[in-house]
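Same order as they appear, the protein sequences are chains C, G and D.
Per my numbering, numbering through the first sequence is continuous, rising by one, with the last residue being 779.
Per my numbering, numbering through the second sequence is continuous, rising by one, with the last residue being 328.
Per my numbering, numbering through the third sequence is continuous, rising by one, with the last residue being 314.
Note that the Cβ used here is the ideal one computed from N, Cα and C, for glycine as well.
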Amino acid sequence: MGALRLAWAHFRIGVMNEVQYRVNFFVQVFQSTLALAVGLIGLWLVFSHTSDLAGWSPDELLTVMGVHILMGGVVQTFIQPNMGRLMTDVREGTLDYALTKPADSQVLVSVREVRIWSSVDVLIGAILVIVAVVRLGSAVGIWESLAFGAALVLGGILIYCFWLIITTGAFKVIRMENVLELFNGVYQAGRWPVSVYPGWLRGTLTFLVPVAFAVTLPAESLTDRLTPTSFAIGVAFTVVVVALTRWVWRLGVRSYSGASA
Amino acid sequence: MARLYVGVGRQAILEQFQYRVANYFYMIGMVAEPVIYLVVWSTVVESQGGEVGGFTAPDFAAYYIVWTLVRNMNIVLTPFAWEWRIQRGQLATDLLRPIHPIHHDLAYFAGWKFVVIVMWLPIAIVLTLLFRPTLDPTVGQVLLFVPALWGGFLVRFFALWALGMVTFWTTRVQAIFQLYFTAELLLSGWLVPLSLMPEWVQDIAAWLPFKWAFQFPIETLIGRLSTDQIVAGLGMQVLWTVVGIGVVAMVWRVGVRRFASVGN
Amino acid sequence: MASLRSLVKRRHRDIVAVDGISVRVDPGEMVGFLGPNGAGKTTTLKILSGLLHPDGGKVDVLGYEPRLRRKEFLSQITLVMGNRNQLSWDIPAADSFELNRAIYRIPRAEFEAARDEFVELLDLGHLLDQPVRNLSLGERMKMELVGALLHRPKVLFLDEPTIGLDVTAQRRLRSFIADYNARFGATVLLTSHYMADVVALCKRVVVIHHGRILYDGDLRGLGERFAQHKTITVTMAEAPPDLGTYGIEVSREGGKATVEVPRAATSAVAARLLTDLEILDLTIEDPPIEEVIDRVFSTGPEGAAATMGEAL
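Following this line, the structure appears as structure tokens:
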């Protein structure tokens, strides 16, 4: 499909060019290790005072943390760089070039950039998940793995949609740096399973800023908590949000083109 | 000198008030962190029958709400700014002025803090309504809170100003700074109140300046310290501020010499 | 190829950026849009490339309505804006070209042929593998143009392509564009406030001022339409006498002197000069185009219209 071909071309060239800067790899590894250490210390602290957090055991929480880091890596590698460039393009008028190319503009602005060294977090998160699952000794068979993979994909798509809607819809009102701060702060909430949060916050973290879908859902699939209902809701919600995102994007382009309402 | 401080302070207030939307977004984004900590610890408290490490759930709420104010007061010149200043030649310009550049920074951030304090109040009200903290300070505690708050600002201001000067000797500063901030996160009462940390960690933290910039002001207001302890704490803040100024003075002299010789 | 009929484009605050522009461009034509900043040239180009939606009127480019942004349409046009780069800053131009190849789905053989040919024409071979940010402004613009033409578009929209370049680079770019037009019969729509661009490339000029067309025709006609006077230069054996009685003396150097006379009086004054003086050589010329344009633009829309009226 055209979109995949475009994505692959940009990915290949982006990686080729970034890989030369090997210093960035070491910087990333250092940063990620530090963050991991802090995360583990936090987890250990909590469990030095209790043995169970809202029904989640230490190893189960380790799973959540692993997914959180993994998803964070995906966002930093594929999503955030593109959103940043989109903001710049809108501000400087270079979006014109993306709009005069014979390619779907939403696809184009979403695949152009990649920050490959951030994928270190994807690796770290994956390792953490595997370690946690092994320690749990839980039965992770073919269905659970598939569900896990699917949940990850859904979560990734949801976060992408969320970011694109914010970037497209709000750039006139808010500056990118502020949105970034806000999102990164709220994303930290994904370090813990959504059931920890009080009811009123849970809804926000599930549907408004889909952190819960992105992190808790995949973690649930590995810790025997995922029900077909919640999975179905996840899928349905994702479909709706994807359609909404498309609509918001089209609206954004029309507004940029000065199309009268 | 006083005129410089008033002038720059006022400039800071005006400018930051102009940027109030950006400031608000930043402050709201920052609220996410303590709320997350609060929620997690409240959950722990629930499973432990109402109290953990001497804190009940409303106690935690109080801690983390005052946390937001102290955190904002803690924001000072980032050590990362030094690289920018050196490369853009701003440092060279500053060196030509008859006044030490630290005065401008201090005055600017101090002025900015007034805006921050004012903007924080509505956020505090919302958080209080949402999380029902035990917040019942006596008049005396509120009065002592004010110097404690500003003392925290000063301690951290000089500490980070000194840290930033590492940039004179190397450009690979990211690792050093991040290590510093990680240590601070764990040892200042930022992540959790130190009483929840193991004893040996608390012992280490007692020798470092971090907690005097962060946990101490918080505890002053939420009423966990006796008057004697507060006064002693204020003394520690003075001590660490003086140490900070001393380090800055020493490192500055050596650093400027190196900067001048290397030329950048 | 491109026709706009009675375009109207409103911006917020109700400034009419483009008001009643009707233009028809045939395939292979090179048309220059001249006008001061804010005249509506860039707006017109953006409407033609589908970036802006007009509030009224019809637009047709290559048989398509640009604002629908159909892929078939977009793969036959290209947009180059002189003050904004499309090539990625940090990667070599060669890589940006590869990305364009993927986007335009150019078959590899054709892509390499076009790339190699253009790169050689502009003498850029050694720069292909350098990050674009290391290139000088002139080299960068040349690379931009190459990148923009790899898919051999039929219509080129060039918005101030030579802005900020030194004279040599400008000339190279112009001859390259002229070459492309000659070889592929591409239609070129160029905006510029450098007269030299237009003079070098375009036989046809459209002058836009305050969103309206002041003139649409060839360059020579432009001078004739707007210039209210001509210059007569006489060459004599020794320094000519004071020519104040013939017209306004504009310059003098050695045996040469130039006077400015009202257009209508040109032949009469020339005849008088030839009769009265020992003339070795006499030349009648239009004032430089730049002056003409400047004078037109420094008047407001009413003044410009009045100028047109006067000249008629």
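1) Whole angstroms is fine: what's the gap from Phe280 of chain G's alpha carbon to Ala226 of chain G's?
2) Can you tell me which of C:Ile648, C:Ile559, C:Leu524, C:Ile531 puts its alpha carbon nearest to the alpha carbon of Leu249 of chain G?
3) So within the stretch 216 to 259 of chain D, which uninterrupted beta strand (DSSP E) runs reach at least 3 residues, ignoring any that extend past its ends?
4) Does Tyr620 of chain C have its Cβ less than 8 angstroms from a Cβ in chain D?
5) Roughly how many whole angstroms lie between the Cα atoms of Pro599 of chain C and Lys232 of chain D?
6) Please tell me whether Phe241 of chain G and Gly308 of chain G are closer than 8 angstroms, where the distance is taken between their beta carbons.
7) For Lys73 of chain D, write down the residues that DSSP places opposite it in a beta bridge.
8) Output the boundary residues of the beta strand (DSSP E) element that contains Val256 of chain G.
9) For the stretch 216 to 249 of chain G, list every residue whose C-beta sits within 7 angstroms of some C-beta in chain C, in sequence order.
10) For Tyr539 of chain C and Ala572 of chain C, I'd like the C-alpha separation in whole angstroms.
11) What is the C-beta distance between Phe217 of chain G and Lys177 of chain G, in whole angstroms, given that I count them as a contact (C-beta under 8 angstroms)?
12) Please confirm if the stretch 92 to 99 of chain D is in contact with the stretch 529 to 536 of chain C, defined as three or more CB-CB distances below 8 angstroms between the two stretches.
13) Mind pulling the chain C residues with CB within less than 9 angstroms of Leu191 of chain G?
14) Compute the distance between the beta-carbons of Ala277 of chain G and Ser259 of chain G, then report whether it is under 8 angstroms.
15) Going along chain C, which residues have a C-beta under 8 angstroms from Val326 of chain G?
16) Go to Thr513 of chain C, then tell me how far its alpha helix (DSSP H) extends in each direction, as first and last residue.
17) Leaving out five residues on either side along the sequence, give the residues of the same chain with a beta carbon under 6 angstroms from the beta carbon of Ala525 of chain C.
18) So what's Lys60 of chain D in DSSP terms, helix, strand or just coil?
19) Rounded to whole angstroms, what's the CA-CA distance from Gln230 of chain D to Pro264 of chain D? Just pull it up for me.
20) With a threshold of 6 angstroms on Cβ separation, who are the neighbours of Tyr678 of chain C within its own chain once the five nearest residues in sequence on each side are excluded?
21) Answer with yes or no whether the minimum CB distance from Gly40 of chain D to chain C is below 8 angstroms.
22) For chain D, is any of its Cβ atoms less than 8 angstroms away from the one on Tyr615 of chain C?
23) Pro273 of chain G and Tyr127 of chain G look like a contact to me (Cβ under 8 angstroms); what is the Cβ gap, rounded to whole Å?
24) From Val20 of chain D to Ile642 of chain C, what does the alpha carbon distance come to, in whole angstroms?
25) Compute the beta-carbon to beta-carbon distance between Val766 of chain C and Gly667 of chain C, rounded to the nearest angstrom, for a pair I have assumed lies under 8 angstroms.
26) So Leu275 of chain D packs on Ile234 of chain D, CB below 8 angstroms; how close in whole Å?
27) Go ahead and label Met589 of chain C buried or exposed: buried means 16 or more other beta carbons lie within 10 angstroms of its beta carbon, across all protein chains shown.
28) To which residues does DSSP link Pro264 of chain D through a beta bridge?
29) Between which two residues does the alpha helix (DSSP H) containing Met197 of chain D stretch?
30) Nearest-angstrom Cα distance between Ser203 of chain D and Ser194 of chain D?
31) At a CB-CB cut-off below 9 angstroms, which residues of chain G make contact with Leu571 of chain C?
32) Should Pro197 of chain G and Ala125 of chain G be called a contact, given that it needs their Cβ atoms to be closer than 8 angstroms?
33) Where does Gly37 of chain D sit, in a helix, a strand or coil, going by DSSP?
34) Along chain C, which residues have their Cβ under 9 angstroms away from the Cβ of Gly375 of chain D?
35) Looking only at C-alpha atoms, which of G:Pro262, G:Met91, G:Ser290, G:Ala86 sits nearest to Leu208 of chain G?
36) Consult DSSP for Met137 of chain G and reduce its assignment to one of helix, strand or coil.
Taking the structure as given:
1) Locating residue 280 of chain G in the second sequence gives position 216, counting from the first residue. Locating residue 226 of chain G in the second sequence gives position 162, counting from the first residue. C-alpha separation (whole angstroms): 22 angstroms.
2) Translated into the one-based positions of the second sequence, residue 249 of chain G becomes position 185. Checking every option, the nearest Cα to that of Leu249 of chain G belongs to C:Ile559.
3) 231 to 238, 250 to 255
4) Translated into the one-based positions of the first sequence, residue 620 of chain C becomes position 102. It is Pro, not Tyr, that sits at residue 620 of chain C in the sequence shown. Output row for Pro620 of chain C: interface = yes.
5) The count along the first sequence starts at 1 and reaches residue 599 of chain C at position 81. The count along the third sequence starts at 1 and reaches residue 232 of chain D at position 230. Looking at the two C-alpha atoms, the distance is approximately 60 angstroms.
6) Within the second sequence, numbered from 1, the residue matching residue 241 of chain G stands at position 177. Within the second sequence, numbered from 1, the residue matching residue 308 of chain G stands at position 244. No, the Cβ-Cβ distance between Phe241 of chain G and Gly308 of chain G is not below 8 angstroms.
7) Stepping through the third sequence from its first residue, residue 73 of chain D is reached at position 71. For Lys73 of chain D, which the question treats as bridged, DSSP gives no partner whatsoever.
8) As a first step, residue 256 of chain G is located in the second sequence; it is residue number 192 there, counting from the start. Here Val256 of chain G belongs to no beta strand (DSSP E), and DSSP marks it neither H nor E.
9) Gln238, Ala239, Gln242, Thr246, Leu249
10) Position 21 of the first sequence holds residue 539 of chain C. Position 54 of the first sequence holds residue 572 of chain C. When rounded, the distance between both Cα atoms is 44 angstroms.
11) Counting from 1 along the second sequence, the entry for residue 217 of chain G is found at position 153. Counting from 1 along the second sequence, the entry for residue 177 of chain G is found at position 113. Yes, they are in contact, since the Cβ atoms of Phe217 of chain G and Lys177 of chain G sit about 6 angstroms apart, within 8 angstroms.
12) yes
13) Translated into the one-based positions of the second sequence, residue 191 of chain G becomes position 127. By Cβ distance, chain C contributes nothing, its closest Cβ being about 13 angstroms from Leu191 of chain G, past 9 angstroms.
14) As a first step, residue 277 of chain G must be located in the second sequence, where it is residue number 213. As a first step, residue 259 of chain G must be located in the second sequence, where it is residue number 195. Cβ atoms of Ala277 of chain G and Ser259 of chain G: not closer than 8 angstroms.
15) As a working note, residue 326 of chain G is residue 262 in the second sequence. Those do not exist, as Val326 of chain G stays about 21 angstroms from chain C at its closest Cβ, beyond 8 angstroms.
16) This structure cannot settle anything about residue 513 of chain C, because the visible part of chain C is limited to 519 through 779.
17) Locating residue 525 of chain C in the first sequence gives position 7, where the first residue counts as 1. Val629, listed in sequence order.
18) Indexing the third sequence from 1 puts residue 60 of chain D at position 58. Three-state result, Lys60 of chain D: strand.
19) Counting from 1 along the third sequence, the entry for residue 230 of chain D is found at position 228. Counting from 1 along the third sequence, the entry for residue 264 of chain D is found at position 262. C-alpha separation (whole angstroms): 6 angstroms.
20) The residue labelled residue 678 of chain C in the question sits at position 160 within the first sequence. If we look at Tyr678 of chain C and ignore the five residues flanking it on each side, its Cβ neighbours are Ile597.
21) Here residue 40 of chain D is taken as the residue at index 38 of the third sequence, counted from 1. Closer than 8 angstroms: no.
22) By one-based count along the first sequence, residue 615 of chain C stands at place 97. By this cut-off, Tyr615 of chain C is an interface position.
23) In the second sequence, the residue the question calls residue 273 of chain G occupies position 209. In the second sequence, the residue the question calls residue 127 of chain G occupies position 63. Not quite, the Cβ-Cβ distance comes to about 20 angstroms (not below 8 angstroms), so this is no contact.
24) What you label residue 20 of chain D is simply residue 18 of the third sequence in a count that begins at 1. What you label residue 642 of chain C is simply residue 124 of the first sequence in a count that begins at 1. Their backbone Cα atoms lie some 56 angstroms apart in a straight line.
25) Residue mapping note: residue 766 of chain C aligns to position 248 of the first sequence, counting from 1. Residue mapping note: residue 667 of chain C aligns to position 149 of the first sequence, counting from 1. 27 angstroms between Cβ atoms; not a contact.
26) Within the third sequence, the letter at position 273 stands for residue 275 of chain D. Within the third sequence, the letter at position 232 stands for residue 234 of chain D. Contact holds; Cβ gap of about 7 angstroms.
27) Indexing the first sequence from 1 puts residue 589 of chain C at position 71. Under this definition Met589 of chain C is a buried residue.
28) Position 262 of the third sequence, counted from the first residue, corresponds to residue 264 of chain D. D:His231.
29) On the third sequence, residue 197 of chain D is found 195 positions in, with the first residue counted as 1. Per DSSP, Met197 of chain D belongs to the alpha helix (DSSP H) from 197 to 203.
30) Within the third sequence, the letter at position 201 stands for residue 203 of chain D. Within the third sequence, the letter at position 192 stands for residue 194 of chain D. Note that residue 203 of chain D is Leu in the sequence shown, not Ser. About 11 angstroms.
31) For the purposes of this step, residue 571 of chain C is taken as the residue at position 53 of the first sequence. Neighbours of Leu571 of chain C on chain G, chain order: Val104, Thr107, Val108, Ser111.
32) As a working note, residue 197 of chain G is residue 133 in the second sequence. As a working note, residue 125 of chain G is residue 61 in the second sequence. Contact: yes.
33) Translated into the one-based positions of the third sequence, residue 37 of chain D becomes position 35. Here Gly37 of chain D sits in coil by DSSP.
34) Examination of residue 375 of chain D is not possible in this model, given that chain D is present from 3 through 314 alone.
35) Translated into the one-based positions of the second sequence, residue 208 of chain G becomes position 144. Closest option to Leu208 of chain G, Cα to Cα, is G:Ser290.
36) Counted from its first residue, the second sequence places residue 137 of chain G at position 73. Residue state, collapsed to three classes: helix.
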